[in-house]
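Counted the way the working numbering counts, the sequence shown spans residues 1311 to 1402.
Note that CB positions come from ideal geometry on N, CA and C, so glycine has one too.
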Amino acid sequence: RELHPDGRYRVAVTGHSLGGALSTILSFYAACDRRFTTVAPVRTFTFAAPRVGDVRFLNAYKQLERTDRLMHARFANTCDFVPLTPTFAVNG
């Protein structure tokens, strides 16, 4: 309510490299909370961010995108290896 008197606001999250990875995780949690998606989907912009999560996280993240609770724009340079890491899956 401190951001807007009626509690209605839009959420945008951004980050670069490790900050982009953290932005991805934060946007997932925010999009799961209806308080942050009442006006518009959570918007995420990441730059040169490594991949986060496992297959279950990926599927849940994509579901939030399909249901218009989350929008993610991912920017990466083709010569940068960080957005391609990790190159293997960790089973947890």
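Length of the line joining the Cα atoms of residue i and residue j
i, j, result
"R1311", "R1318", "Caution applies to R1311, whose pLDDT of 49 falls short of 50 and renders its modelled position unreliable; the model cannot decide the point."
"R1283", "C1389", "The chain is shown only over 1311 to 1402; residue 1283 falls outside these bounds and no answer can be derived."
"G1363", "T1348", "26 Å"
"R1379", "C1342", "8 Å"
"N1369", "T1334", "14 Å"
"G1325", "F1355", "7 Å"
"Y1371", "D1316", "28 Å"
According to DSSP, residues forming a beta bridge with residue i
i, result
"T1356", "G1325 and R1384"
9 Å Cβ cutoff met for residue i and residue j
i, j, result
"A1340", "R1361", "no"
"A1359", "R1384", "yes"
"A1322", "F1357", "no"
Classification of residue i by the beta-carbon crowding that lies within 10 angstroms, buried from 16 upward
i, result
"P1396", "exposed"
"L1374", "buried"
"R1377", "Inspection of the sequence shows that residue 1377 is occupied by Thr rather than by Arg. Classification of T1377: exposed, given that the 10 Å Cβ count is below 16."
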